[in-house]
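Working notes, structure below.
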Amino acid sequence: MNKIPLAIETENITRFFKDVKAVNGISLKIERGGVYGILGPNGAGKTTLIRMLATLLNPTSGSGKVMGYDIVTEKETIRRLVSLTGQFASVDEDLTGLENLLLLAKLLGYTGKNAKKRALELLSGFGLSDAAKRQVKTYSGGMRRRLDIAASIVVRPALIFLDEPTTGLDPRSRNQVWDIIRSLVADGTTVLLTTQYLDEADQLAEKIAVIDHGKVIAEGTPSQLKASVGSNVLRLNVNDASQIEKARQIITQKINLDVQTNSDPYLLTVQTENVSAATNLITEITSAGIEISRFSLGQPSLDEVFLALTGKPVEENNEE
Amino acid sequence: MDNNNQSASIQSLLAHGARPNPINAVTASLIFGWRALLKIKHVPEQLFDVTAFPIMFTLLFTYMFGGAIAGSTEEYLQFLLPGILAQTVTMITMYTGVAVNNDIRKGVFVRFRSLPVWQPSVLVGALLGDAARYTIASSIVISLGMILGFKPEGGFIGVFLAVALLLVFSFSLSWIWTSIGFIARSQESLFFLSFVVLFPLTFASNIFVDPETMPSWLEAFVSANPVTWLVTAMRGLMHGAPEVEGIGIVLIISATLVGIFGPITMFLFRNKK
Chain A
14 MNKIPLAIET
24 ENITRFFKDV
34 KAVNGISLKI
44 ERGGVYGILG
54 PNGAGKTTLI
64 RMLATLLNPT
74 SGSGKVMGYD
84 IVTEKETIRR
94 LVSLTGQFAS
104 VDEDLTGLEN
114 LLLLAKLLGY
124 TGKNAKKRAL
134 ELLSGFGLSD
144 AAKRQVKTYS
154 GGMRRRLDIA
164 ASIVVRPALI
174 FLDEPTTGLD
184 PRSRNQVWDI
194 IRSLVADGTT
204 VLLTTQYLDE
214 ADQLAEKIAV
224 IDHGKVIAEG
234 TPSQLKASVG
244 SNVLRLNVND
254 ASQIEKARQI
264 ITQKINLDVQ
274 TNSDPYLLTV
284 QTENVSAATN
294 LITEITSAGI
304 EISRFSLGQP
314 SLDEVFLALT
324 GKPVEENNEE
Chain B
8 MDNNNQSASI
18 QSLLAHGARP
28 NPINAVTASL
38 IFGWRALLKI
48 KHVPEQLFDV
58 TAFPIMFTLL
68 FTYMFGGAIA
78 GSTEEYLQFL
88 LPGILAQTVT
98 MITMYTGVAV
108 NNDIRKGVFV
118 RFRSLPVWQP
128 SVLVGALLGD
138 AARYTIASSI
148 VISLGMILGF
158 KPEGGFIGVF
168 LAVALLLVFS
178 FSLSWIWTSI
188 GFIARSQESL
198 FFLSFVVLFP
208 LTFASNIFVD
218 PETMPSWLEA
228 FVSANPVTWL
238 VTAMRGLMHG
248 APEVEGIGIV
258 LIISATLVGI
268 FGPITMFLFR
278 NKK
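In the order they appear, the protein sequences are chains A and B.
Our numbering puts the first residue of the first sequence at 14, with every later residue one more than the last.
Our numbering puts the first residue of the second sequence at 8, with every later residue one more than the last.
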């Protein structure tokens, strides 16, 4: 019988700020090891959930356990086991990279030479040796993120919270962060990742919960989620908005596929299984005399996942 | 960067030996104090207020009021210097609030709060760093005073004890600013608020003149003002006539300030979104 507690377990956990129900009843069971992704738009409650799990915020109701310890009554124990990389790089901009890591190494119990040794090896492991003696305010976004993650593993955590670790990064830096996350996982660390990007969750996570308005609206493996949306989405822009209805008829009647129209009067979105189905469709439409200005075939965006799951597009909501 | 190399090196970083023992509250506070000193090293401009203000105040008030109030500047300086020292340091306590306010905005508190250390150490450390700034300001005022002709009859020990008392009082007063630092929406509002509090506190006191000539309502305020108690105690120490009772009252006021604003600050620290 396996008695090792789950990495994270929540029971109908909520957190209200005045009238805003930031987290409105979330129950999760997250196994140890691997990456668990929490996918949702701005204001869905991701950061509030993470802050409760990292013991920075008490829940309004419900309960939660991290590595088997209660998030309200056993905060100290949890803080020894987890580390948090916040949504905004939580490093001190006035200090140098080396000083930031020295500060944390000392706070976590390293002394004298050992603190310095640990800080230097972290800088070198994250490719920051050259920037060690520069103030963090001179770092690029990607460098800051790497320093931030380095700061989170000064002492090896059993569980690491990464709150939108790649938001605002360029693709190269984003790939570096992904590689770092994969190395953490390879070593047996559990990672709880929040993100706004389906492809990020898809790349990294074994399991994903989609949250919206403080509730889980879907949970499953990336392939299960994508299957519910259709693995590929073809987006067609027509030249003349008045022809969009005609195009829609061709697609639904001749090819027998579902079409979603959008707020954009020139855009049609179609779920297709593969490239040849997509090229067929384009041929049919152009041969009917409808001009296509642009098309693209790719993974569904978060918006499209939301549309498929909730029947509504993502609402802009910046309160979190 | 070579990805395989990076993965390998990150894994070796994680494999790193046993976890060190947790640190105690005093060590944690000292480490955060070290952080405050590092910040002074990187942003030396912030020392402007602890160097320029004291020089300006001492010169200005000694020469402006000296002749009129005490007949000679040298005479007046003996009376004024302990007070101007108290005023200078009391005024710069507000920068503690500015620093806290800055830290919240930058998000670095989120990480500190998630660490397994005694939580108030973040703030106690910041205040210890400030104590270093108060010490610098005090040395400047006293050195300048000596050059201008200040003769403390209490000798080195008297001056040292007076500064120590001032540091205790300022450390305690700073907790008001840490509380306000959490609440204030912007630095502008913080500055405004601090002037509303600090001006009456330092000017409506016995720093510049003997309160006996004031109207009775003002005299009542002045004699209840904690800064008046502080200055009286400091004058006693510096001029070799310490009053134990007065010193005791300053210490009680200090303990009360920490007792009230310490918990308020910590409440705000824990619950700040």
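A virtual CB, placed ideally from N, CA and C, is assigned to each residue, including glycine.
Since the structure is predicted, the reported quantities are computational estimates derived from the model, not experimental observations.
Could you list which residues in chain A have their beta carbon closer than 9 Å to that of residue i, in chain order?
| i | result |
| --- | --- |
| Val124(B) | Arg92, Leu120, Leu121 |
| Arg42(B) | Asp105, Leu108, Glu112, Leu116 |
| Arg242(B) | Chain A residues near Arg242(B): none, gap ~39 Å exceeds 9 Å. |
To the nearest angstrom, how far is the alpha carbon of residue i from that of residue j?
| i | j | result |
| --- | --- | --- |
| Ile76(B) | Ala138(B) | 33 Å |
| Leu197(A) | Arg169(A) | 10 Å |
| Thr109(A) | Arg147(A) | 5 Å |
| Thr6(A) | Lys113(B) | Within the shown structure, residues of chain A are numbered from 14 to 333, placing residue 6(A) beyond reach of any answer. |
| Asp183(A) | Gly155(A) | 8 Å |
| Met8(B) | Gly140(A) | Low confidence applies here, because Met8(B) scores a pLDDT of 46, under 50, leaving its location unreliable; read the following figure in that light. Looking at the two C-alpha atoms, the distance is approximately 8 Å. |
| Glu82(B) | Gly73(B) | 7 Å |
| Glu258(A) | Val246(A) | 19 Å |
| Leu3(B) | Arg307(A) | This structure cannot settle anything about residue 3(B), because the visible part of chain B is limited to 8 through 280. |
| Arg42(B) | Asp217(B) | 42 Å |
| Leu174(B) | Thr142(B) | 8 Å |
| Arg263(A) | Thr299(A) | One detail in the question is off: residue 263(A) reads as Ile in this sequence, not Arg. Roughly 11 Å separates the two Cα atoms. |
| Gln85(B) | Gly161(B) | 12 Å |
| Glu304(A) | Arg261(A) | 13 Å |
| Lys228(A) | Ala67(A) | 19 Å |
| Ala171(A) | Ile187(B) | 37 Å |
| Ala291(A) | Ile221(A) | 28 Å |
Would you identify the three-state DSSP class for residue i, choosing helix, strand or coil?
| i | result |
| --- | --- |
| Ala248(B) | coil |
| Asp9(B) | Confidence at Asp9(B) is low in this model, with a pLDDT of 48, below 50, so its placement is unreliable and the value that follows should be read with caution. Note: Asp9(B) maps to coil in three-state DSSP. |
| Glu22(A) | strand |
| Asp231(A) | In the sequence as presented, Asp is not what sits at residue 231(A); that position holds Ala. Here Ala231(A) sits in strand by DSSP. |
| Asp176(A) | strand |
| Ile271(B) | helix |
| Lys419(A) | Only positions 14 to 333 of chain A appear in the structure, and residue 419(A) is not among them; the question remains open. |
| Ile43(A) | strand |
| Leu69(A) | coil |
| Phe30(A) | strand |
| Tyr82(A) | strand |
| Leu320(A) | helix |
| Tyr102(B) | helix |
| Gly77(A) | strand |
| Val124(B) | coil |
| Ala290(A) | helix |
| Tyr83(B) | helix |
Strictly below 8 Å CB to CB, what residues from chain A border residue i?
| i | result |
| --- | --- |
| Ser121(B) | Ala67, Thr68, Leu69, Arg92, Val95, Ser96, Leu97 |
| Ile38(B) | Leu116, Lys119, Leu120 |
| Ala35(B) | Leu120 |
| Leu192(B) | Correcting the residue identity first, residue 192(B) is Arg in this sequence and not Leu. Residues of chain A passing the Cβ test: none, with the nearest at roughly 17 Å. |
Give the residues of chain A in contact with residue i, contact being defined as C-beta atoms less than 7 Å apart.
| i | result |
| --- | --- |
| Asn28(B) | Gly122 |
| Leu45(B) | Leu108, Glu112 |
| Arg140(B) | Residues of chain A passing the Cβ test: none, with the nearest at roughly 15 Å. |
Mind pulling the chain B residues with CB within less than 8 Å of residue i?
| i | result |
| --- | --- |
| Leu135(A) | Leu20 |
What is the residue span of the beta strand (DSSP E) that residue i lies within?
| i | result |
| --- | --- |
| Arg307(A) | 305-311 |
| Gly181(A) | Segment: none, Gly181(A) is in no beta strand (DSSP E) and carries neither H nor E. |
| Ile76(B) | Unbroken run through Ile76(B) is the alpha helix (DSSP H), 55-77; no beta strand (DSSP E). |
| Asp225(A) | 220-225 |
Check the Cβ of residue i against every Cβ in chain B and list those closer than 7 Å, keeping chain order.
| i | result |
| --- | --- |
| Ile166(A) | Leu20, Leu21 |
| Phe101(A) | Gly114 |
| Gly138(A) | Ser16, Ile17, Leu20 |
| Ile193(A) | Ile17 |
| Arg158(A) | Within chain B, no residue comes near Arg158(A); the closest Cβ sits about 13 Å away, beyond 7 Å. |
At which residues does the alpha helix (DSSP H) containing residue i begin and terminate?
| i | result |
| --- | --- |
| Leu180(B) | 162-190 |
| Arg248(A) | Segment 245-251 is the beta strand (DSSP E) holding Arg248(A); no alpha helix (DSSP H) there. |
| Thr90(A) | 88-94 |
| Leu37(B) | 32-49 |
Report whether the distance from the Cβ of residue i to the nearest heavy atom of the ligand MN is below 6 Å.
| i | result |
| --- | --- |
| Ile149(B) | The ligand MN is not among the ligands present in this structure, which contains no ligands whatsoever. |
What ranges does the alpha helix (DSSP H) occupy inside the segment 217-246 of chain B, keeping only unbroken runs of at least 4 residues that lie completely in it?
223-231, 233-245
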